[in-house]
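If you read the protein sequences in the order shown, they are chains A and B. According to the working numbering, the first sequence is numbered sequentially starting from 1. According to the working numbering, the second sequence is numbered sequentially starting from 195. Just so it is clear, CB atoms sit at the ideal spot from N, CA and C, and this is done for glycine as well. Notes follow once the structure below has been shown.
There are 2 protein chains.
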Amino acid sequence: MPKMKKKTSKKALIQETAARLFRDKGYSATSMRDLAEAVDLKASSLYNHISSKEEILKNICFENAQRFLSGMEEVEQQSLSAPDQVRELLRLHITTAMEDATSVTAFNDEWRHLNEPDLSEFKALRRDYEQRFRKILEGGMQAGAFRRMDANVALYTIFSSVRWLYDWFQPGKALTAEQVEQEVVEFIMQGLKA
Amino acid sequence: MPKMKKKTSKKALIQETAARLFRDKGYSATSMRDLAEAVDLKASSLYNHISSKEEILKNICFENAQRFLSGMEEVEQQSLSAPDQVRELLRLHITTAMEDATSVTAFNDEWRHLNEPDLSEFKALRRDYEQRFRKILEGGMQAGAFRRMDANVALYTIFSSVRWLYDWFQPGKALTAEQVEQEVVEFIMQGLKA
DNA sequence: CGCATACGAATGAACGTTCGTTTGCAAATA
DNA sequence: TATTTGCAAACGAACGTTCATTCGTATGCG
């Protein structure tokens with residue numbers, strides 16, 4: 001029974017460490033020897049736990065895509081007003097960016113290094129997410145809750161606006177996570193307001 | 195007199211092409227052989243015009259840092275209200291992102307691949323720019339033109355909010371450059387408004 | 001003019017290094 | 001004993017870069 005030894009499996013440790021390295025140096029600039037050293041192994045030993053460098057990236061990308069899609073699912077099922085839906089999704093983006101910085105990096109930057117069957121699949125998931133988010137924004141505009149504006153401009157501005165959190169926010173620094181969340185949500189919601 | 199034969203020198207062509215490749219695939223994932231092929235040369239021939247891969251990156255980073263710093267200089271010299279200063283700088287970021295996408299990539303992403311004497315120098319320039327931008331935001335808050343909020347949250351949200359333009363905007367598509375600029379400026383300025 | 005010289009530009013071959021990955025075997029764990 | 005884990009060594013491929021050489025053209029000089 002090779003289930004659990006300590007808290008998490010070594011495979012999980014490798015994945016998390018890789019995610020951090022990919023965020024700090026980028027996927028291409030992170031070598032398997034870098035990764036091995038960071039988890040106190042030799043490069044060859046990694047392959048007892050994972051099957052390729054790209055598999056690691058693939059897992060990171062799809063896990064996080066799934067996280068955002070689940071959040072979308074949840075938001076859609078509650079019957080909220082468009083502003084409340086956006087607020088909820090925005091909170092998801094912000095807290096995710098702060099407590100697991102890699103998600104944002106994967107979602108925004110590193111996915112392009114996927115190879116072809118995976119690349120197209122990931123892009124499809126991303127397109128699906130964007131489309132559902134855009135629907136909410138357009139609904140809010142038609143209901144008069146949001147200012148009339150190009151939905152794509154609003155969509156991508158929202159996505160991008162949380163991109164800095166992952167390399168700027170440090171818990172315990174000047175602002176708490178809750179304060180940052182509140183500030184950013186207010187900024188964006190006011191930008192959307194009719 | 196080896197001045198001009200056609201429009202631009204081959205060195206300039208190499209730099210521009212490299213900037214495009216760095217934006218599309220990232221610095222590390224772009225090989226000198228990729229670059230050579232893109233300018234219709236062999237890899238070895240590149241070195242008749244440039245001295246290293248990193249020199250290209252260095253030029254891109256510092257040229258664009260200088261562009262933003264010049265814009266800052268200009269905005270500071272006119273005696274404008276804080277909102278008008280921000281509007282002006284925001285316009286600079288937006289138009290730059292649309293007409294020369296690489297600037298934003300360099301300014302936001304690729305600089306971290308610089309090597310050490312250059313890396314520190316670049317970070318210093320960047321810190322200077324951010325500090326002057328932050329001063330404007332804080333002034334606007336004290337003057338009551340902007341809502342009171344954490345200046346860093348405002349600052350980085352503004353920077354990030356234009357990051358999507360470079361891989362989304364295509365002239366001639368649904369929106370013109372002027373429309374995009376107007377929409378984004380309005381979004382951000384309303385988010386700042388008291 | 002005719003010819004030597006200099007030089008910018010391009011190249012194929014090769015350098016040393018690093019890349020991701022595979023293999024065979026030993027140690028640890030079950 | 002059977003399975004998992006780790007490692008040294010090695011693999012071919014790709015990396016950034018150097019080098020000697022070549023070709024074409026422009027200049028200097030008789």
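Step through the CB atoms of chain A and report whether any lies within less than 9 Å of the CB of residue i.
| i | result |
| --- | --- |
| B:Asp-228 | no |
| B:Ile-382 | yes |
| B:Lys-199 | Model confidence at B:Lys-199 stands at a pLDDT of 36, short of 50, so the residue's coordinates are unreliable; what they give is reported in the following sentence. Not one chain A Cβ lies under 9 Å of B:Lys-199. |
| B:Val-378 | yes |
| B:Gln-322 | Residue identity differs from the one stated: residue 322 of chain B is Asp in this sequence, not Gln. No, B:Asp-322 lies away from the interface with chain A (no Cβ there is under 9 Å from its Cβ). |
Would you say residue i faces chain B, with C-beta separation under 9 Å as the test?
| i | result |
| --- | --- |
| A:Lys-193 | yes |
| A:His-113 | yes |
| A:Glu-178 | no |
| A:Asp-109 | yes |
| A:Leu-13 | no |
| A:Pro-2 | Here A:Pro-2 scores only 42 on pLDDT, less than 50, and its place in the model should not be relied on; the value that follows carries that caveat. It does not; no Cβ of chain B falls within 9 Å. |
Rounded C-beta distance between residue i and residue j? I'm assuming under 8 Å.
| i | j | result |
| --- | --- | --- |
| B:Arg-357 | A:Arg-163 | 6 Å |
| A:Ile-50 | A:Ala-19 | No, A:Ile-50 and A:Ala-19 are not in contact; Cβ-Cβ is about 13 Å, not under 8 Å. |
| A:Ser-150 | B:Glu-377 | Here the sequence assigns Asp to residue 150 of chain A, which means Ser is not the residue at that position. That pair is a contact at about 5 Å. |
| A:Thr-105 | A:Phe-22 | 7 Å |
| B:Ala-276 | B:Ala-337 | 6 Å |
| A:Ser-28 | B:Ala-223 | 4 Å |
| A:Ser-52 | B:Ser-355 | That pair is no contact at about 36 Å. |
| B:Ala-232 | B:Thr-211 | 5 Å |
| A:Gln-140 | B:Gly-220 | According to the sequence provided, residue 140 of chain A is Gly. The question's Gln does not apply to it. At roughly 35 Å, the Cβ-Cβ gap does not stay under 8 Å, so A:Gly-140 and B:Gly-220 are not in contact. |
Do residue i and residue j have their C-beta atoms closer together than 9 Å?
| i | j | result |
| --- | --- | --- |
| A:Arg-112 | A:Leu-119 | yes |
| A:Leu-155 | A:Glu-186 | no |
| A:Asn-152 | A:Arg-134 | yes |
| B:Leu-154 | B:Glu-304 | In the structure as shown, chain B begins at 195 and stops at 388. Residue 154 of chain B is therefore absent and cannot be evaluated. |
| B:Leu-386 | B:Leu-331 | yes |
| A:Gln-85 | A:Val-75 | yes |
| B:Leu-240 | B:Phe-262 | no |
| B:Glu-293 | B:Ala-371 | yes |
| A:Leu-41 | A:Ile-94 | no |
| B:Asn-258 | B:Ser-297 | yes |
| B:Arg-341 | A:Gln-190 | yes |
| B:Leu-283 | B:Met-266 | yes |
I'd like to confirm the pairing. Which residues does DSSP put opposite residue i in its beta bridges?
| i | result |
| --- | --- |
| B:Lys-387 | B:Phe-340 |
(message) Along the segment 16-43 of chain A, where does the CB come closer than 7 Å to a CB of chain B? Name the residues.
(response) The segment 16-43 of chain A vs chain B, Cβ under 7 Å: Gly-26, Ser-28 and Ala-29.
(request) Could you run through the segment 156-176 of chain A and flag, in chain order, every residue whose CB is less than 9 Å away from some CB of chain B? (result) From the segment 156-176 of chain A, only Tyr-156, Thr-157, Ile-158, Phe-159, Ser-160, Ser-161, Val-162, Arg-163, Trp-164, Leu-165, Trp-168, Ala-174 and Leu-175 have a Cβ closer than 9 Å to chain B.
(message) Output needed in chain order: residues of the segment 331-350 of chain B with a Cβ under 9 Å from some Cβ in chain A.
(response) Listed in sequence order: Arg-341, Met-343, Asp-344, Asn-346, Val-347, Ala-348, Leu-349 and Tyr-350.
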